[in-house]
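Before any comments, here is the structure.
Protein chains in written order, with my numbering: chain A, 1 to 239; chain B, 1 to 464; chain C, 1 to 213.
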């Protein structure tokens, strides 16, 4: 069976290893992985900054690139929910594009959800030694209702101990342009998460959104802490 | 960001005592709420939210009808209804009434609506004393400060702050024990209740089919304010309406639990006018002041009018990670937190408060806990596009608009995107963080573009 | 144009409605029935009342009320409401109890000076340990509000399951009285450092005596 990857612009440019990891896991499960090279972005940065028209331009391109894909797998909760929950709003005055969005959106799968609900695979034969804590990224948690899925996948990773932090569901403070417009508040929010992570004594923070991990790693590095951040895909690809 | 109170935000963030106070107080309210609406305690919680949303939607969309019904029923029970366009009209009415009755002293129970119109200040210069009787509000009144939170107004003050205020304003010896401070306030205010000519309360709900106001509280000051003076005035925004007394089964179940985790607050008063027939006590006159003050403006937009469903529980504040860092005083208006962020730019000039809808990471925690299901993040996004449009009309924000136009163009042209990405990857290590990125970098180590993009890695992978 | 007319006109314009336009009817109110058996009303009420830091007594009949309360009443200045049930329980006959007030000022002064206010209650809600009091010739507002201690003596027949049952029975409380108050626990605040303090303005101590007969 064939699946198409939508790696997202942040993974493409900053964390390509996440895309590779995701491809490896999917291939291991027997999928033929396709990467439409004309892909760029879902349009979320423009939409969240109050530029819906510009977001539309980018979204139209997305729909065009993936018009023939049967399964589109995405290593990001926020990008997935942009497409599945917000394209409705973006194209509300454009019936043709809206129709296209209605056709494509149901084929878009956040990575962990694809594994559990389509591939029906909870154990992907991964091994990762260490104490891990999981960060619930906001769009994944509240718009896509992804909470137990990634935890079930992590539970099946050999050698991995999952320890919950007490503020797993609190926002990391990234929020895209929010972190640039309100950097001190954003940093304070991240530091609250880091304090909670420290208490778990985890060596690794895992999430399904690279933007959150980028936010947390930035503050972790500034504080000189020996904690690494990994995308779920990277953990699941480990052997 | 321009317009945002960056200095005071920074001060709030750098104050460890204040940070702890805000975080623990809101955290406690979050926990109490979670217990009270938990699946084991209130399994029908989500159904109640849906119902509350439907009732509010119906009422707001037929507001004129229910206002007229409310008015007719208030009058039928011997009360009077006064429609006021703004705070000045409210003040004029109260002053007129006070003059007519030779009134000197007003006792007030907690009402955000009255804060909204600066009620006390408007009466100040007219030999009419208006005393706040809710403990937190009383302390704030003495300290000349604004409420910090919809439900816990003096959240930011310590017992020592309270002691200072009492010593300075009441001339008493320093008292730092909260229980004793409360006793002091009780004694002072008891005198006021018994002397007062007029009692002013807010209203949590207005009941159209009964001509009644519902006031919920824990202290007893609203009961006293509406029972001891001869005149009772209830001041409420027109949006506080619900159609039927029986709808309270849904709303009261949601309000207390969402606000403080209480299934019912200590006192819930259902008041429908002056005392009747053989009732021994109660006011002789009842006035319901219905305030517009811009609410009709919010009614106009079908998407944004849900902002008026708010029952002022404060849950959104408690769950907002931004509120929990910057606190209530960094919001420009009396309504803070997520609800404040969506209504302030609608009541006031959007460009004046253009920063407010952006002061959010869109985490959605607020929408999850809103008892009436206001889609706060959706409205924040809508307001953001309205801000950028307003800026375009004004001729400001051109640089940012250009940046996003370029973003869109690049993202719609894959070859340009790929080229740009690689140039960025090469240049980034050479360029220090400039402009807005500088502040961003003050908080964290900056991420750098990867040496090879996924596109490149994939192409290489395919070749092998 | 009066403010009233202006506001209503603005509303209609904003909503696209015309004067006198009747709304599409709203679905029936959501009223949930009791979650538990009638037999459990008394113990449930007592338990919830005590969870709120009240003290509840259950007595077999009206004659048992005064003996149950006499330690509390000892040496206290008490105001009782005009509820006939209180007379039936022998409360109004006690020497330290003032009752029968029909003058507002006299009642107020008495309540302000009293150590305790005794009332009956129109209803009680088992689920939340709530007392429901409607203002009337029998029950004045201030008796349960001004004195620092409030005692409510309630026949068990008046106990309902919850607010939903109350509103089913009384769909329009405004038709009965100018004031209906639901009392759920003693007066309290946490305004100073989130520390709980009882008896801010209303009574800090509450008692309920449920009479089974």
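Even for Gly, the Cβ is constructed at its ideal location relative to N, Cα and C.
As the structure is a prediction and not an experimental result, all values here were calculated from the model.
Each residue's CA atom was taken as its position, placing residue 20 of chain C and residue 213 of chain B some 23 Å apart. Setting aside the 5 residues that flank it on each side, residue 180 of chain C is surrounded in the same chain by 134, 173, each with a C-beta closer than 6 Å to its C-beta; the list follows chain order. C-alpha of residue 140 of chain B to C-alpha of residue 57 of chain B: approximately 35 Å in a straight line. When C-beta atoms of the region 108-116 of chain B are compared with those of the region 327-343 of chain B, three or more pairs fall below 8 Å, so the two segments count as touching.
Annotated as distal: residue 37 of chain A and residue 428 of chain B, with beta-carbon spacing of 9 Å or more.
Using a Cβ-Cβ cut-off of 9 Å, residue 35 of chain B does not count as an interface residue toward chain C, since no Cβ of chain C sits closer than that to its own. Each of B:215, B:384, B:103, B:211 was checked against the Cα of residue 74 of chain B, and the nearest Cα belongs to B:211. Annotation note: the region 325-375 of chain B contains the following uninterrupted alpha helix (DSSP H) runs of length 4 or greater, listed N- to C-terminal: 337-347, 365-369.
Of the other Cβ atoms in all chains shown, fewer than 16 fall within 10 Å of the Cβ of residue 101 of chain B; this residue is therefore exposed. Assignment of beta-bridge partners to residue 116 of chain C by DSSP yields C:78, C:149.
Residue 24 of chain B and residue 146 of chain C have their C-alpha atoms some 33 Å from each other.
Take residue 36 of chain B, set aside five residues on each side of it, and the residues of its chain with a beta-carbon closer than 6 Å to its own are 257, 261, in chain order. Within the region 162-224 of chain B, the complete alpha helix (DSSP H) segments at least 4 residues long are 178-195, listed from N- to C-terminus. Following the DSSP letters along the chain, one finds residue 207 of chain A inside the beta strand (DSSP E) bounded by residues 204-207. Its Cα nearest to that of residue 242 of chain B, the residue B:311 stands out among B:267, B:72, B:311, B:275. When DSSP states are grouped into helix, strand and coil, residue 148 of chain B belongs to the coil group.
Scanning B:181, B:198, B:296 for the CA closest to the CA of residue 237 of chain B turns up B:296. The region 108-187 of chain A is shown to contain whole beta strand (DSSP E) runs of 3 or more residues at 108-110, 127-134, 158-162, in chain order.
Looking at the backbone, the Cα of residue 369 of chain B and that of residue 223 of chain B are separated by about 29 Å. In the displayed model, residue 304 of chain B falls within coil according to three-state DSSP, outside both helix and strand. Of the residues B:188, B:165, B:61, B:216, the one whose Cα lies closest to the Cα of residue 145 of chain B is B:165. Not one beta carbon of chain B lies nearer than 9 Å to the beta carbon of residue 99 of chain C. The C-beta separation of residue 15 of chain A from residue 450 of chain B comes to about 7 Å, placing the pair in contact by the 8 Å criterion.
The C-beta of residue 193 of chain C comes closer than 9 Å to at least one C-beta of chain B.
Taking 9 Å as the threshold, the shortest C-beta distance from residue 94 of chain B to chain C does not fall below it. An exposed status is given to residue 113 of chain C, since fewer than 16 other beta-carbon atoms sit within 10 Å of its beta-carbon.
Note on geometry: alpha-carbon atoms of residue 304 of chain B and residue 346 of chain B lie some 9 Å from one another. Within chain C, the residues placing a beta-carbon under 9 Å from that of residue 135 of chain B are 189, 191, 192, 197, 200, 201, ordered along the chain. Per the coordinates, the alpha-carbon of residue 203 of chain B lies some 15 Å from the alpha-carbon of residue 83 of chain B. Using a CB distance cut-off of 9 Å, residue 316 of chain B does not count as an interface residue toward chain C. Taking one beta carbon from each stretch, the region 381-400 of chain B and the region 214-221 of chain A have fewer than 3 pairs nearer than 8 Å; the two do not touch. Contacts with chain B at 9 Å (Cβ-Cβ) include residue 177 of chain A. It is roughly 12 Å from the alpha-carbon of residue 92 of chain A to the alpha-carbon of residue 53 of chain A. Contact holds between the region 376-385 of chain B and the region 356-367 of chain B, because three or more Cβ pairs, one in each stretch, are under 8 Å apart. Per DSSP, residue 130 of chain C is one residue of the beta strand (DSSP E) stretching across 130-134. Within the same chain, 130, 131, 132 come within 8 Å of residue 161 of chain A by CB-CB distance, once the 5 residues on both sides are set aside.
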